[in-house]
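Number of protein chains: 4
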Amino acid sequence: MTPDNDALPAWHAWLEGGAGDEVTLRDNEAAWQDLRLRPRVLHSLAGSQLRTTLGDRALPHPLFMAPMAHQAALHPQGESASALAAAALGAGYVLSCQASTPLEDIARLVLADSGRGPLWFQLHWLGSRNATLALIQRAAAAGFEAAVLTLDAPVQGFRDRERASGFVLPAGVSSVNLTDRPVPTSLSALLAQAPTWHDLAWLTQHSPLPVWAKGILHPGDAVLAAEHGASGLIVSNHGARQLDTVLATAQALPDIVAANAGRLPLVVDGGVRRGTDVLKALALGADAVMLGRPLARALATDGAQGVARALRQLVDELHIALALCGLTQPGQARSAHLAGDLFAPKSAAAFVNAKNSRLE
Amino acid sequence: MTPDNDALPAWHAWLEGGAGDEVTLRDNEAAWQDLRLRPRVLHSLAGSQLRTTLGDRALPHPLFMAPMAHQAALHPQGESASALAAAALGAGYVLSCQASTPLEDIARLVLADSGRGPLWFQLHWLGSRNATLALIQRAAAAGFEAAVLTLDAPVQGFRDRERASGFVLPAGVSSVNLTDRPVPTSLSALLAQAPTWHDLAWLTQHSPLPVWAKGILHPGDAVLAAEHGASGLIVSNHGARQLDTVLATAQALPDIVAANAGRLPLVVDGGVRRGTDVLKALALGADAVMLGRPLARALATDGAQGVARALRQLVDELHIALALCGLTQPGQARSAHLAGDLFAPKSAAAFVNAKNSRLE
Amino acid sequence: MTPDNDALPAWHAWLEGGAGDEVTLRDNEAAWQDLRLRPRVLHSLAGSQLRTTLGDRALPHPLFMAPMAHQAALHPQGESASALAAAALGAGYVLSCQASTPLEDIARLVLADSGRGPLWFQLHWLGSRNATLALIQRAAAAGFEAAVLTLDAPVQGFRDRERASGFVLPAGVSSVNLTDRPVPTSLSALLAQAPTWHDLAWLTQHSPLPVWAKGILHPGDAVLAAEHGASGLIVSNHGARQLDTVLATAQALPDIVAANAGRLPLVVDGGVRRGTDVLKALALGADAVMLGRPLARALATDGAQGVARALRQLVDELHIALALCGLTQPGQARSAHLAGDLFAPKSAAAFVNAKNSRLE
Amino acid sequence: MTPDNDALPAWHAWLEGGAGDEVTLRDNEAAWQDLRLRPRVLHSLAGSQLRTTLGDRALPHPLFMAPMAHQAALHPQGESASALAAAALGAGYVLSCQASTPLEDIARLVLADSGRGPLWFQLHWLGSRNATLALIQRAAAAGFEAAVLTLDAPVQGFRDRERASGFVLPAGVSSVNLTDRPVPTSLSALLAQAPTWHDLAWLTQHSPLPVWAKGILHPGDAVLAAEHGASGLIVSNHGARQLDTVLATAQALPDIVAANAGRLPLVVDGGVRRGTDVLKALALGADAVMLGRPLARALATDGAQGVARALRQLVDELHIALALCGLTQPGQARSAHLAGDLFAPKSAAAFVNAKNSRLE
């Protein structure tokens, strides 16, 4: 069952690999699969459909394509192909700031599709408040609806599989939306430059776009994000590429939902592979989900058509899973549709205190 | 241990495959196996026998052959062979409405055997109340004792293994007891046509046969089935062929037994493979069990003789398992014969409330 | 890791196989291995030794060779070899009534060794009180110290591996200590002949030897055995050869120790493979342990020398395990030397009630 | 995944093997890996560094190389190479009394490095108080900072893999710091000579160096060690080489931390393989960690360079793991950075009583 990694191209290790021994990489998928559904029968299924909302944004269905860097390394059309397919299938699309395509080009492609889902722009902290804000302003000008700030990567984790493969970006693939900037060479200097909650507060006050906080795994940080002006939460562990043995996102979700207490809209990312996984995420309190590797694999295999086919299958699986649980809309999923012991969520009050346990 | 699926005929994937990643397919068997028996010694075994009752029906023993479609795709004699063997061994027999043999022919074969178990007829909702009732009336006229209405398949689940195999029914195999009817082509239209609890109530009021509700996994639905006129419950997840990662039936059983509180007779289906599994089902509160794939495999291999041999082995295993637990009749099995943590059943009251949590 | 069973002789399947799917066969070993020891340091180890007592019998150490039938099928010297080795190493020896050697010959061999452990005689119920008593009287006359009555085999379980192997006893190997008797051919007739608690009471009143009850897995039966005159308990599941998926003996032990409350001496049998397993059995409240297959394998490989070597290794392992836990005698082992969740024993009172739950 | 042991040199079995069936050997690694981290985001990382303290000793970072015998069997430069690398990387170094290099030579090498971590000397009980004290005095004279007394090996455990390999020390490799002394040939005599808590008290009163107690797995022994004068605790199971199925050190740690209640500084050893493991050990209350086999492997492969590279990787992994959990110093790690069920520590009071449960 284990592929012979030596026979695979280096980009395979780059795409599929995770941090360290890849414990969390496996956990991310297993944690969804380990949840058990308890279907209902004979509830009326008239009017069944997948439309839902995320905050005040209506969605054709609750699926997003997660931001992934350098998609031109997977397919010649890169982000153009994936964005086109996502729009055509009504999925939300998050463009990575490390895309190989100008963000304005992607915006033009997507905005032309009236059935599209949300168009968002992901970015890392760019070393200073002004540089970070400037890129958000450019994305806003191009028509993006929200900015997604990745919080869980002040430094890159050890990705053993990728390192062992010797992967380097192919010639001609680069982050065309970013300008070169000096990066500190020592780890301590790099960390000293990492953003703080104060920076997030400043950014959300000045940003022309709502700012989603991506990389939340701790309920205390969910509360802090709301208090510092974030417009939404993305529960994520960076596809298990940053720190091995962190919680799977399905495991982290219930506590965060409890701590958030409905204040911010919430998307979960990591390990979602089937329509039943999506249903479980909704049942645990997420408003929508993001998918990364499955769509990247489809892009590498068959470009826009591959991504569209993969999304189509997921949408159909979700629709059927809802129906077989007696539900006619995504928003009806509840933890009562799950069976067995969940990761018992603590009370929201406990997490409000938790946020003070380690504040700068 | 994994068979080389590519070398197997497509019907193998059709018979053996389940929904999605087949998590529940594996769980169905494992959940019985994971229960532990605690035998008793030196209790008198005089008068030991396997007779039991299901509601007011006396049974030679508590085994049924589950309804399975298109048995002519497995063996030339199809349902004739399996029905004959079941009758000869005293097992209950449930004819699928997708049988390849006229239901009257099967009734004649089975009713001729005085030692036979119950003869039941399974059907899906046929798009309208009258069409569904008409087929039950025909089965009643032929001598069937009960109708089994399958509730867990308003739409068919994704069966990945079967789809990948390219299986199609062999020429000459078709559902001879059903008349063609227009089937909606869109998923939403199909779902809008799905039956509701009101339809079940209507059907049970007009049916000449008692109607068993098949596909119950939620204790709230067990209570609703009783309130809407069902004559019995069949705890089943459709052989794990509908929605992957639903509860194994052995896991669902205790809560349903508690919610049912003895109101309706109860049969459990899914993953039963050994006499010890049957004993465990009885100990958890089922009155009888259904077996599907093990008997279908035996049919494919050796026709009526194969099915008879498989049933003989199961009956003997059950008899010995009872004796080694100090029991002389199936009806004496109690949860006290099981050891370790069960899936703690909640009180019946909790489930009476649960039935209201999502009602049309 | 799985041996190629087809390449192995049929006696291998007979010796190594268990009932059904061999779940309990695996569990028996795993349940000991899964218990965790918590060693102590710097406690004085002066005077360290392995002597202990079983009721009022002093033992050189707490190891017995379990009764196993037809040892001449494993090695030409059969029971003579294993009994000689057990006596030489100070281990208790239980001769099977299905031995291939006259019981008087074994008694002469063993009684000649002054350093020997206990010499016991195992028997099944022989169809009537008088026939059973007569064999015990013969064993008493030969010098055996106790009778072991096997309670868990009123009928033989399904041993799939053995059946598939086609094993038959080699020519010349037979139960020389038993006289032929008519055996019922129907299962019900066989079960009607099975002994009851009343028979045990009669036997213990008339037996010239103390009678140990072998095959106890339920705490209620432990209480009943004491009340019906048994002199000791042997917690056993017949080497997992009778009913698959019964509790492993290590799992059954704590409840039985609690229910027995010190009334009867207690030996545990099943899955013991290492000195640490012996220490765990003592820590959970057993007075001694029996080993079967490991010594039978040693007999098949190298006769008396093989058995002696295997026992020597076990004795040394036990001695070192005790020392590394800070103990100088077997009798000092307590559950405090184990870590983690045990199979929480219920109170003895609960089991006194349990014994009434299913009495003839 | 299993290496072909027959093709490996015997020293591989000696280095990699553990006691018995190697259950604890596997557990030691798995227990760290099974703990889950819960990262924090946007906490200021300015001033991030790895310095910490162990009692009143400042450490460049919390890593030690554990004592391991006969390193000349792994690499021609033996302990000289490993000590040099440890000093260069700021790691603590514990010289085994079974080193192949004179302890004074190692002291000279290490003490010359101003950035080094602590230099300690490990020894076994040498049969008498005076012999043991004399070796500590010699180590003190050479400049070692502490003595580490190994408590968990009054007799060597059964190391099945090593025994099966036929390993013997290569010619020229011997314990040059030890003088020959008569060793008892019987197990009982050997155990009678084992040290006791009284011996530890005497030694700590007379020793010119602080004495650390190595091999603590029981919280009661942690309390006793403090009361008998130990200066620190090393939670260890001897690399799983002494008694199989003892607790993994990660599992033993929380109870010991609770019982110790901050009285003595505490180091944990066993199964630590990644920076995340180090962080988890700190989060559970250890002040520092020791690594054995990973550094021995690096020594065998590439001498001092190999050890230095392995330590560099671990230090970097720890630094990044701290940062991704929002921490700027090792001392900030708390159990709040772990998720899920820990091995629930009991109250310290419970363990003060426990220490009396088996005292000489």
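Residue numbers (the working numbering), protein chains in the order written: chain W, 114 to 473; chain C, 114 to 473; chain P, 114 to 473; chain H, 114 to 473.
Where is the CB? At the ideal position from N, CA and C, for every residue including glycine.
Q) For the candidate residues G345(C), L197(C), P189(C) and E340(C), whose alpha-carbon lies nearest to that of L377(C)? A) Residue mapping note: residue 377(C) aligns to position 264 of the second sequence, counting from 1. The candidate whose alpha carbon is nearest that of L377(C) is G345(C).
Notebook entry, point to check: Among V261(W), V154(W), A417(W) and P122(W), which has the Cα closest to the Cα of C210(W)?
Noted result: To locate residue 210(W), count along the first sequence from 1; it is residue 97. That would be V261(W), whose Cα lies nearest to the Cα of C210(W).
TODO: Find the nearest neighbour of A411(P) within the set H188(P), S157(P), L138(P) and G133(P), judged by alpha-carbon distance.
DONE: Against the third sequence, residue 411(P) aligns to sequence position 298. Answer by Cα proximity: H188(P).
Margin query: Is L282(W) close to chain C? Criterion is C-beta to C-beta, closer than 8 Å.
Written below: Along the first sequence, one-based indexing puts residue 282(W) at 169. With 8 Å as the cut-off, L282(W) does not count as an interface residue toward chain C.
Does the beta-carbon distance from A220(W) to L239(W) come in below 8 Å?
As a first step, residue 220(W) must be located in the first sequence, where it is residue number 107. As a first step, residue 239(W) must be located in the first sequence, where it is residue number 126. No; because the gap between Cβ atoms is not below 8 Å, this pair is not in contact.
Which residues mark the beginning and the end of the alpha helix (DSSP H) in which L259(P) is found? What you label residue 259(P) is simply residue 146 of the third sequence in a count that begins at 1. At residue 259(P) the sequence reads Ala, which differs from the Leu that was named. Here A259(P) belongs to no alpha helix (DSSP H); instead the beta strand (DSSP E) covers A259 to T263.
*Residues that R410(W) bridges to, as DSSP identifies them*: Numbered from its first residue, the first sequence carries residue 410(W) at position 297. Looking at the DSSP assignment, R410(W) forms no beta bridge with any residue, so it has no partner.
Quiz prompt | C-alpha gap between P175(H) and G383(H), whole angstroms | solution = Looking up residue 175(H) in the fourth sequence gives position 62. Looking up residue 383(H) in the fourth sequence gives position 270. Their Cα atoms are separated by approximately 15 Å.
Q: Would you mind telling me which residues of chain W sit closer than 7 Å to P443(H), beta carbon to beta carbon, in chain order?
A: Position 330 of the fourth sequence, counting from 1, holds the residue named residue 443(H). Ordered by position in chain W, no residue passes the 7 Å Cβ test against P443(H), which lies about 14 Å from the chain.
* Coarse secondary structure for W238(H), derived from DSSP in three states -> Taking the first residue of the fourth sequence as 1, we reach residue 238(H) at position 125. Residue state, collapsed to three classes: coil.
Interface residues of chain P facing R387(C) [CB-CB closer than 9 Å] | Indexing the second sequence from 1 puts residue 387(C) at position 274. Within chain P, the residues near R387(C) are G133, D134, F271, D357 and T358.
6 Å CB neighbourhood of A452(P) in its chain, flanking five on each side removed:
Taking the third sequence and counting its residues from 1, one reaches residue 452(P) at position 339. For A452(P), where only same-chain residues beyond five positions count, the Cβ hits under 6 Å are R149 and R151.
Q.
Against chain W, with Cβ distances strictly below 8 Å, would E430(H) count as a contact?
A. Residue numbering aside, residue 430(H) sits at position 317 when the fourth sequence is read from its first letter. So, interface residue.
Would you report the Cα separation of L316(C) and A307(P), rounded to the nearest angstrom?
By 1-based counting over the second sequence, the position of residue 316(C) is 203. By 1-based counting over the third sequence, the position of residue 307(P) is 194. Using only the alpha carbons, I get a separation of about 51 Å.
Which residues of chain P have a Cβ atom closer than 7 Å to the Cβ of W315(H), listed in chain order? On the fourth sequence, position 202 is the one that residue 315(H) refers to. Ordered by position in chain P, no residue passes the 7 Å Cβ test against W315(H), which lies about 12 Å from the chain.
Return yes when the C-beta of A326(P) is under 7 Å from any heavy atom of the ligand FMN, and no when it is not.
-> Questions concerning the ligand FMN fall outside what the structure shown contains, since it holds no ligand whatsoever.
Discussion item. Run through the DSSP bridge pairs and tell me what W325(H) is partnered with.
Written reply: Position 212 of the fourth sequence, counting from 1, holds the residue named residue 325(H). Answer by DSSP bridge pairing, in chain order: V261(H) and G345(H).
Check: How long is the line joining the alpha carbons of Y206(W) and A200(W), rounded to whole angstroms?
Finding: Here residue 206(W) refers to the residue found at position 93 when the first sequence is read from its first residue. Here residue 200(W) refers to the residue found at position 87 when the first sequence is read from its first residue. Straight-line Cα distance between these residues: approximately 7 Å.
Between D400(W) and chain H, is any beta-carbon pair separated by less than 8 Å? Position 287 of the first sequence, counted from the first residue, corresponds to residue 400(W). No, D400(W) lies away from the interface with chain H (no Cβ there is under 8 Å from its Cβ).
Does V359(W) come out as helix, strand or coil in the three-state DSSP assignment?
Mapped onto the first sequence, residue 359(W) falls at position 246. In this structure, V359(W) counts as strand in the three-state DSSP scheme.
**Item:** the stretch 280 to 295 of chain P touching the stretch 410 to 429 of chain C, judged by at least three CB pairs closer than 8 Å
**Value:** no
How would you label L298(P), buried or exposed, when you count the other beta carbons within 10 angstroms and need 16 or more for buried? Numbered from 1 along the third sequence, position 185 holds the residue referred to as residue 298(P). It is Thr, not Leu, that sits at residue 298(P) in the sequence shown. The residue in question, T298(P), is exposed, as its Cβ has fewer than 16 Cβ neighbours within 10 Å.
Positions along the stretch 138 to 151 of chain W whose CB lies within less than 9 Å of some CB in chain C: W145, Q146, D147, L148, R149, L150 and R151
- Query: To the nearest angstrom, how far is it from the Cα of T309(P) to the Cα of V281(P)?
  - Reply: Counting from one through the third sequence, the residue named residue 309(P) turns up at place 196. Counting from one through the third sequence, the residue named residue 281(P) turns up at place 168. For T309(P) and V281(P), the distance between alpha carbons rounds to 31 Å.
Query raised in the report: So which of E129(H), L121(H), H183(H) and G160(H) has the shortest CA-CA distance to L303(W)?
Result: For this step, residue 303(W) is matched to residue 190 along the first sequence. Among E129(H), L121(H), H183(H) and G160(H), the Cα nearest to that of L303(W) is on G160(H).
Exercise for the section: Using the Cα positions of A446(H) and L392(H), report the straight-line distance between them to the nearest angstrom. Expected result: Counted from its first residue, the fourth sequence places residue 446(H) at position 333. Counted from its first residue, the fourth sequence places residue 392(H) at position 279. Their backbone Cα atoms lie some 7 Å apart in a straight line.
Give me the residue from E430(P), P407(P) and A277(P) with the minimum Cα distance to P122(P).
Residue mapping note: residue 122(P) aligns to position 9 of the third sequence, counting from 1. Measuring from the Cα of P122(P), the nearest candidate turns out to be A277(P).
- If you check the beta carbons only, do G405(W) and I433(W) fall under 8 Å apart? Taking the first residue of the first sequence as 1, we reach residue 405(W) at position 292. Taking the first residue of the first sequence as 1, we reach residue 433(W) at position 320. No.
Taking the alpha helix (DSSP H) that V281(H) belongs to, which residues open and close that run? Reading the fourth sequence from its first residue, position 168 is the one you call residue 281(H). Looking at the DSSP string, V281(H) is not in any alpha helix (DSSP H), and its letter there is neither H nor E.
Assign D293(H) to one of two classes, buried (16 or more other C-beta atoms within 10 Å of its C-beta) or exposed (fewer than that). In the fourth sequence, the residue the question calls residue 293(H) occupies position 180. So D293(H) counts as exposed.
_Please classify H311(P) as buried or exposed, where buried requires at least 16 other C-beta atoms within 10 Å of its C-beta._
Here residue 311(P) refers to the residue found at position 198 when the third sequence is read from its first residue. It is exposed - the Cβ of H311(P) has fewer than 16 other Cβ atoms within 10 Å.
Limits of the unbroken alpha helix (DSSP H) element including A126(H):
Counting from one through the fourth sequence, the residue named residue 126(H) turns up at place 13. Note, A126(H): alpha helix (DSSP H), A123 to E129.
* What number of angstroms, rounded off, separates the C-alpha of A492(P) from the C-alpha of D226(P)? -> This structure cannot speak to residue 492(P), because chain P is shown only from 114 to 473.
Original post:
For I329(H), which residues in chain P fall below 8 Å Cβ to Cβ?
Top reply: Start at 1 with the first residue of the fourth sequence, and residue 329(H) comes out as number 216. What I329(H) touches in chain P: V154.
Does any C-beta atom of chain P lie closer than 8 Å to the C-beta of P116(C)?
Here residue 116(C) corresponds to residue number 3 of the second sequence, with the count starting at 1. In this prediction, P116(C) scores a pLDDT of 49, lower than 50, which makes its location untrustworthy; the coordinate-derived value is nonetheless stated afterwards. Not closer than 8 Å to any Cβ of chain P, the Cβ of P116(C) fails to qualify, so no.
Distance, G133(C) Cα to D273(C) Cα = The sequence position of residue 273(C) within the second sequence is 160, counting from 1. The sequence position of residue 133(C) within the second sequence is 20, counting from 1. Roughly 5 Å between the two C-alpha positions.
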